[in-house]
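Every number in the working numbering is 9 more than the matching position in the sequence shown, counting from 1. Backbone N, C-alpha and C fix where the C-beta goes; we use that ideal spot for every residue, glycine too. This report refers to the structure that appears directly beneath it.
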Amino acid sequence: MEIRLQRRPSRAPPQSCDEPQAMKTTHEPQAMNLNGSVPASRSGGGVTRSLKLAVLRLLRGGGMFELVANSRWRQQRLLILCYHGTSLEDEHLWRPGLYISRQRLSERFTSLKQRHYTVLPLGEALEQLQAQTLPARSVALTFDDGTYDFYRQAYPLLQKFGFPATVYLTTYYSVGERPVFNLICSYMLWQRRGKVIADGEEIGLPGPLDLRSETGRHRVVRGLIDLSEREGMDGVQKDDLASRFAGFLEIDFSALKSKRILQLMNAREVREVARNRIDIQLHTHRHRTPEDEALFSREIRENREHILELAGVNPVHFCYPGGVYKPAFLPWLRAEQVLSATTCDSGLCTSRSESLLLPRFVDSQSRTQLEFEGWTAGVGICWHAEGTPRISMFRETDMICTP
Ligand SMILES: [Zn+2]
């Protein structure tokens with residue numbers, strides 16, 4: 010759930026208030042292909058993607074995957090896998106670049122097990138990477154945000170397979186037990202896709218609401234976010250707005266809430282997973298990275314305090330919310346004694362990687378098993394320039410490009 014809608018540049022960001030900004034889904038490589046581009050359906054790159062998949066198929070058929078996976082080259086590298094949500098119901102159909110079905114996640118874990126990958130705890134893997142003592146075929150598993158669906162779906166699978174994992178927990182919503190406002194609104198609109206509503210005046214959005222396209226639905230979500238910010242709504246008030254919006258769309262909001270869709274783990278759930286090999290680490294308190302050092306540090310400190318209280322450990326590993334990072338963040342993270350930080354840029358980590366800009370492979374329903382196997386083997390990197398971190402920049406249009 011990476012997840013922050015960037016506000017329009019003309020407005021001052023609400024970085025001093027206690028409410029998190031809307032969470033955005035943009036920097037997850039939604040349905041990203043091996044070259045990091047958007048999928049064929051949106052980019053028109055169908056032939057290129059098909060060609061690359063055909064090449065991958067040939068390489069796998071020719072035994073190249075196993076050759077690379079067993080190589081000294083691969084042994085010197087760590088693959089950090091990144092997941093977000095594991096569907097409780099149909100979320101992977103709503104956001105295939107953000108969610109994965111429980112069945113597909115189980116297939117991924119089976120693949121790791123059957124192909125003898127070594128799944129290491131993140132901290133241990135990073136230490137061994139630096140010491141150049143990594144075992145063959147090393148992988149670390151990370152889950153961003155700490156959603157309830159992690160507790161309900163991914164966590165039991167991790168236990169079944171005996172895999173350690175890191176959860177980068179954003180703590181604001183884990184206290185409130187409310188669905189993430191902009192995401193639940195987006196999800197409800199998706200449930201009503203295909204409709205055109207003549208007038209949204211009743212919920213403060215005058216004019217017709219066209220829910221037939223992603224762009225149209227996003228416009229409505231943006232309108233709701235603007236409305237909540239204009240009126241300075243707190244978490245409870247935004248939840249009330251979402252509830253009224255659900256009524257407007259004739260959706261049973263209380264049923265959605267009781268299923269805990271798009272909610273984070275509560276304190277009891279975080280404590281439980283933390284006792285059972287789930288490593289809870291930093292993701293900021295409000296899922297945002299202010300461009301002011303004092304506010305940025307406050308996000309880390311509040312996040313750390315909550316994690317210390319919930320999990321009883323001092324977190325030192327960080328994941329950039331939304332995959333968004335800037336050079337200025339690195340010294341700020343070092344000042345907060347953060348040892349590593351992961352991005353959503355695709356790549357394998359080496360001992361020469363910048364420890365505060367570590368690449369990962371973002372897996373989701375959008376990825377084929379072939380791509381997954383290619384990346385775990387180390388072949389996927391062939392389509393990327395290794396060790397060339399990209400500096401992500403906010404763009405207003407980002408929020409349109411949700412998976
Ligand atoms: Zn996130």
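Burial is judged here by how many other beta carbons sit within 10 angstroms of a residue's own beta carbon; Pro188 has at least 16 and is buried. Phe152 and Asp372 have their alpha carbons spaced roughly 10 Å apart. Leu192 and Gly72 have their C-alpha atoms spaced approximately 42 Å apart.
Between the alpha carbons of Val64 and Leu236 lies a gap of roughly 49 Å.
With a beta-carbon spacing of about 7 Å, Ala283 and Leu319 fall inside the 8 Å limit used to define contacts. About 4 Å separates the Cβ atoms of Lys247 and Phe190, confirming a contact at the 8 Å cut-off.
Comparing C-alpha distances from Gly155 to each of Asn323, Glu116, Pro173 and Ser183 shows the shortest one belongs to Ser183. Residue nearest to Tyr108 within the set Ile212, Gln162, Arg295 and Phe74 is Gln162 (criterion: CA-CA distance). The DSSP-derived three-state label of Tyr160 is helix. DSSP places Phe327 in the strand class (E or B) of the three-state scheme. When Glu380, Gln374 and Pro368 are compared, the shortest CA-CA separation from Leu88 is found for Pro368.
The three-state secondary structure of Ser355, taken from DSSP, is strand.
Burial is judged here by how many other beta carbons sit within 10 angstroms of a residue's own beta carbon; Thr142 has fewer than 16 and is exposed.
The closest CA to that of Asp354, considering only Ala344, Pro340 and Pro330, is found on Pro330. For Asp153, the distance from the CB to the nearest heavy atom of ligand 1 is below 7 Å. Excluding its 5 nearest sequence neighbours in each direction, Gln346 has C-beta neighbours in its own chain below 8 Å: Val325, listed in chain order. In the structure shown, the three-state DSSP call for Thr119 is helix. Distance from the CA atom of Thr298 to the CA atom of Gly225, rounded to whole angstroms, is 28 Å. Three or more Cβ pairs closer than 8 Å define a contact, and the stretch 165-175 meets that threshold against the stretch 273-291. Take Ala264, set aside five residues on each side of it, and no residue of its chain has a beta-carbon closer than 7 Å to its own. A distance below 6 Å between beta-carbons, with the five flanking residues on each side excluded, links Ile270 to the following residues of its chain, in chain order: Leu97. At least one heavy atom of ligand 1 lies closer than 7 Å to the C-beta of Thr179. At least one heavy atom of ligand 1 sits closer than 7 Å to the Cβ of Pro330. DSSP places Phe152 inside the beta strand (DSSP E), whose first and last residues are Ser147 to Asp154.
Counting along the chain, the unbroken alpha helix (DSSP H) around Ala140 starts and ends at Leu131 to Ala140. By the CB criterion at 8 Å, Arg201 and Leu214 fall outside the cutoff. Where Tyr182 is concerned, the enclosing alpha helix (DSSP H) starts and stops at Tyr181 to Gly185.
For ligand 1, no non-hydrogen atom lies closer than 7 Å to the CB of His125.
A direct Cα-to-Cα measurement between Asn323 and Glu314 gives close to 8 Å. Contact between the stretch 131-149 and the stretch 245-261 is absent: fewer than three C-beta pairs spanning the two stretches fall below 8 Å. Each of Ala276, Arg239 and Val230 was checked against the Cα of Ala255, and the nearest Cα belongs to Val230.
Straight across, the Cα-Cα distance linking Ser267 with Cys194 is about 16 Å. Checking the DSSP bridge columns, you'll see Gln200 has no partner listed. Within the stretch 272-343, the runs of beta strand (DSSP E) at least 3 residues long that lie entirely inside it are, in chain order, 287-291 and 326-328. For Arg228, the uninterrupted alpha helix (DSSP H) run begins and ends at Glu223 to Arg239, by DSSP.
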